[in-house]
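Trainee:
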Amino acid sequence: MKTLKAFEADFPNEDACKKLLAECRWPDGPVCPRCANTKVYALKSKPHHWVCKSGITTTDTEGKQVTCAKNGGYRFSVITKTIFQDTKIPLDIWFRVAYLMLTSKKGISALQIHRTIFGEDSGSDYRTSWFMCHRLRCAMRGGIEQLKGIVEVDETYVGGKNVNRHWDKKTPWKAGGEASGKIPVIGAISRKGNVIAKAVGDMGFTTLQDFVAEAVSTRAKMVVTDEHSGYRHLRGHGFFHKTVNHSHHQYVTGSVHTQTIESFWSLLKRGIMGSYHHVTREYLPLYVNEFAFRYNGRNDPDMFRKLLQTV
Ligand SMILES: [Zn+2]
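If you count by the numbering used here, then the sequence shown holds residues 6 to 316, one letter each, in order.
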């Protein structure tokens with residue numbers, strides 16, 4: 006990521022923010038967010054607003070049939086159907102909050118963001134920052150191609166009450182697992198590449214197998230997992246599968262290890278405990294999004310533009 010100064014230079018005012026957003030959202034020109042029609046007209050009287058007059062009928066979020074051509078055309082702006090819609094917060098504030106989140110490797114609390122952006126005596130509510138962070142996390146969703154190369158797949162538990170426990174999931178309390186109020190998370194990581202992780206309802210055979218099929222390409226050179234029985238049929242599904250035998254203290258045998266994904270788990274858990282202290286089952290998927298998005302953009306100077314593509 007750029008320095009804060011260079012980052013802010015890209016959008017000196019609200020107009021520039023909107024231009025940047027339109028550029029990232031629609032690299033080939035504006036597209037109707039309702040019917041995906043590309044032949045839209047800019048409204049001369051209102052910058053960053055367009056009208057769509059297409060005859061295509063689509064179903065809106067409430068399940069109603071809508072046609073853009075009706076009632077003089079469907080008007081939309083650069084923030085329509087984005088996380089920025091229906092808020093009174095200027096885009097430059099949104100962008101600065103996003104910058105803080107993207108540059109904080111271990112995560113940053115909404116309270117810290119509130120102090121940095123709004124100031125403690127601003128009279129504004131810290132819940133505004135909390136709400137913004139959550140919306141931004143929603144935009145940090147997937148979009149990562151199936152993983153190739155050497156891929157490590159592993160599962161862990163996040164959350165729960167015992168904060169002083171050692172992170173190593175191989176210690177006996179792992180047996181407590183779901184019963185201890187911890188939330189199962191499964192992840193796959195391509196060495197030197199991307200991570201795909203998600204919170205799941207259970208660690209059952211079907212969950213693990215479906216996750217691998219979704220996240221890992223069968224053209225991956227090798228898939229390394231621990232000896233969890235949920236992975237027992239990977240070979241039969243076209244994967245070159247190797248296992249690490251943790252129970253015999255065999256952690257590293259040449260390239261057969263799961264240390265890359267374990268580092269990611271450690272980052273996620275320390276980040277969640279350090280910055281957010283407690284995460285509920287409802288919101289954990291969003292925090293997993295955030296940590297994965299930041300990890301995948303770690304060498305990308307334009308991570309912010311990537312985020313604007315999916316808002
Ligand atoms: Zn339309």
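Yeah, the Cβ is synthetic: ideal placement off N, Cα and C, and Gly gets one too.
A quick note: this is a predicted structure, and the numbers were derived from the prediction, not measured.
Where does the unbroken beta strand (DSSP E) through T108 begin, and where does it stop?
Mentor: To locate residue 108, count along the sequence shown from 1; it is residue 103. First-last for T108: L96 to T108, but that is the alpha helix (DSSP H), not the beta strand (DSSP E).
Trainee: To the nearest whole angstrom, what separates the beta carbons of V3 and A204, a pair I think is in contact under 8 Å?
Mentor: Residue 3 is absent from the structure shown; the chain starts at 6 and stops at 316.
Trainee: Would G235 be called buried (16 or more neighbouring beta carbons within 10 Å of its own) or exposed?
Mentor: What you label residue 235 is simply residue 230 of the sequence shown in a count that begins at 1. Classification for G235: buried.
Trainee: For the candidate residues Y104, A47 and V229, whose alpha-carbon lies nearest to that of V261?
Mentor: Numbered from 1 along the sequence shown, position 256 holds the residue referred to as residue 261. The candidate whose alpha carbon is nearest that of V261 is V229.
Trainee: Tell me whether Y79 counts as near ligand 1, meaning its Cβ is closer than 7 Å to at least one heavy atom of that ligand.
Mentor: Here residue 79 corresponds to residue number 74 of the sequence shown, with the count starting at 1. Yes, the beta carbon of Y79 sits closer than 7 Å to at least one heavy atom of ligand 1.
Trainee: Thinking just about the alpha-carbon of each residue, which of Y104, H246, R120 and R237 is nearest to the one in G154?
Mentor: In the sequence shown, the residue the question calls residue 154 occupies position 149. Residue H246 is the option with its Cα nearest to G154.
Trainee: With distance defined between alpha-carbon atoms, name the residue in K111, S82 and C138 nearest to I118.
Mentor: Taking the sequence shown and counting its residues from 1, the one referred to as residue 118 is at position 113. Of K111, S82 and C138, the residue nearest in Cα terms is C138.
Trainee: Output the distance between the C-alpha atoms of D305 and F100, rounded to the nearest integer angstrom.
Mentor: Taking the sequence shown and counting its residues from 1, one reaches residue 305 at position 300. Taking the sequence shown and counting its residues from 1, one reaches residue 100 at position 95. So the two alpha carbons sit approximately 17 Å from each other.
Trainee: Quick one: residues in its chain with C-beta nearer than 7 Å to the C-beta of I149, no 5 flanking neighbours on either side, listed in chain order?
Mentor: Walking along the sequence shown from the start, residue 149 turns up at place 144. Excluding residues within five positions, the ones whose Cβ falls inside 7 Å are N199, I201 and N301.
Trainee: If you draw a straight line from the C-alpha of I98 to the C-alpha of P38, how long is it?
Mentor: Residue numbering aside, residue 98 sits at position 93 when the sequence shown is read from its first letter. Residue numbering aside, residue 38 sits at position 33 when the sequence shown is read from its first letter. Rounded to the nearest angstrom, the two C-alpha atoms are 24 Å apart.
Trainee: Consult DSSP for S195 and reduce its assignment to one of helix, strand or coil.
Mentor: Reading the sequence shown from its first residue, position 190 is the one you call residue 195. The answer is strand: DSSP assigns S195 an E or B state.
Trainee: Once DSSP output is grouped into helix, strand and coil, what is the label at L152?
Mentor: By 1-based counting over the sequence shown, the position of residue 152 is 147. Strand, per DSSP.
Trainee: Do you know how far the Cα of K49 is from the Cα of P32?
Mentor: Residue mapping note: residue 32 aligns to position 27 of the sequence shown, counting from 1. Residue mapping note: residue 49 aligns to position 44 of the sequence shown, counting from 1. For P32 and K49, the distance between alpha carbons rounds to 21 Å.
Trainee: Within the same chain, show all residues whose beta-carbon is closer than 7 Å to that of T108, passing over the 5 residues directly before and after it, in chain order.
Mentor: Here residue 108 corresponds to residue number 103 of the sequence shown, with the count starting at 1. So the list reads M6, once near-sequence residues are dropped.
Trainee: Quick check: is any heavy atom of ligand 1 less than 7 Å from the C-beta of N42?
Mentor: Indexing the sequence shown from 1 puts residue 42 at position 37. At least one heavy atom of ligand 1 is nearer than 7 Å to the Cβ of N42, so yes.
Trainee: With a threshold of 16 other CB atoms inside 10 Å of the CB of G206, please say whether the residue is buried or exposed.
Mentor: Position 201 of the sequence shown, counting from 1, holds the residue named residue 206. Exposed is the call here.
Trainee: I need the straight-line Cα distance from F298 to Q151, nearest angstrom please.
Mentor: Counting from 1 along the sequence shown, the entry for residue 298 is found at position 293. Counting from 1 along the sequence shown, the entry for residue 151 is found at position 146. So the two alpha carbons sit approximately 15 Å from each other.
Trainee: Taking only the alpha-carbon atoms, compute the straight-line gap between T248 and E232 and give it to the nearest angstrom.
Mentor: If you number the sequence shown from 1, residue 248 lands on position 243. If you number the sequence shown from 1, residue 232 lands on position 227. So the two alpha carbons sit approximately 6 Å from each other.
Trainee: When DSSP builds the beta bridges, which residues end up paired with S82?
Mentor: What you label residue 82 is simply residue 77 of the sequence shown in a count that begins at 1. S82 pairs with H54.
Trainee: Just checking my contact of L312 with L25 at CB under 8 Å: how many whole Å lie between their CB atoms?
Mentor: Numbered from 1 along the sequence shown, position 307 holds the residue referred to as residue 312. Numbered from 1 along the sequence shown, position 20 holds the residue referred to as residue 25. With a Cβ gap of about 11 Å, L312 and L25 do not count as contacting.
Trainee: Regarding C57 and ligand 1, is the C-beta to nearest heavy atom distance less than 7 Å?
Mentor: Numbered from its first residue, the sequence shown carries residue 57 at position 52. Result yes, Cβ under 7 Å from ligand 1.
Trainee: Check P290 in the structure and name its three-state DSSP category.
Mentor: To locate residue 290, count along the sequence shown from 1; it is residue 285. Helix, per DSSP.
Trainee: Tell me which same chain residues have a C-beta within less than 7 Å of the C-beta of V168, skipping the five on either side of it?
Mentor: In the sequence shown, residue 168 corresponds to position 163, counting from 1. The pLDDT assigned to V168 is 46, lower than 50, so where the model puts this residue is not dependable; a value taken from the coordinates is nonetheless given after this. Closer than 7 Å at Cβ, skipping near neighbours: M278.
Trainee: Ignore the nearest five residues each way along the sequence and tell me which others in L105's own chain have a CB closer than 6 Å to its CB.
Mentor: The count along the sequence shown starts at 1 and reaches residue 105 at position 100. The answer, listed in chain order, is I113 and I118.
Trainee: Do you know offhand how far T212's Cα is from K111's?
Mentor: Translated into the one-based positions of the sequence shown, residue 212 becomes position 207. Translated into the one-based positions of the sequence shown, residue 111 becomes position 106. Each residue's Cα considered, the two are about 28 Å apart.
Trainee: Please classify S127: is it buried, with 16 or more other beta-carbons within 10 angstroms of its beta-carbon, or exposed?
Mentor: One-based indexing of the sequence shown puts residue 127 at position 122. Classification of S127: exposed, given that the 10 Å Cβ count is below 16.
Trainee: Run the CB neighbour count on E125, radius 10 Å, all protein chains shown included, and call it buried at 16 or more, exposed below.
Mentor: Here residue 125 refers to the residue found at position 120 of the sequence shown. The residue is exposed, with fewer than 16 neighbouring Cβ atoms inside 10 Å.
Trainee: Just the Cα atoms here: how many angstroms apart are T315 and P17?
Mentor: Against the sequence shown, residue 315 aligns to sequence position 310. Against the sequence shown, residue 17 aligns to sequence position 12. Using only the alpha carbons, I get a separation of about 22 Å.
Trainee: Out of curiosity, what's the CA-to-CA distance linking A41 and Q214?
Mentor: In the sequence shown, counting from the first residue as 1, residue 41 sits at position 36. In the sequence shown, counting from the first residue as 1, residue 214 sits at position 209. Going from the Cα of A41 to the Cα of Q214 covers about 35 Å.
Trainee: Of the choices K58, R30 and F81, whose alpha-carbon is the least far from that of K51?
Mentor: By 1-based counting over the sequence shown, the position of residue 51 is 46. For the residues K58, R30 and F81, the minimum Cα distance to K51 belongs to F81.
Trainee: Would you tell me roughly how many angstroms separate the C-alpha atoms of D65 and Y79, rounded to the nearest one?
Mentor: Taking the first residue of the sequence shown as 1, we reach residue 65 at position 60. Taking the first residue of the sequence shown as 1, we reach residue 79 at position 74. C-alpha separation (whole angstroms): 12 Å.
Trainee: Roughly how far, in whole angstroms, is the beta-carbon of E160 from the beta-carbon of M227, given that I think they are within contact range, below 8 Å?
Mentor: In the sequence shown, counting from the first residue as 1, residue 160 sits at position 155. In the sequence shown, counting from the first residue as 1, residue 227 sits at position 222. Actually they are not in contact, since the Cβ atoms of E160 and M227 sit about 18 Å apart, beyond 8 Å.
Trainee: Check this for me: beta carbons of G60 and T72, under 8 Å apart or not?
Mentor: The residue you call residue 60 lines up with position 55 of the sequence shown. The residue you call residue 72 lines up with position 67 of the sequence shown. Contact: yes.
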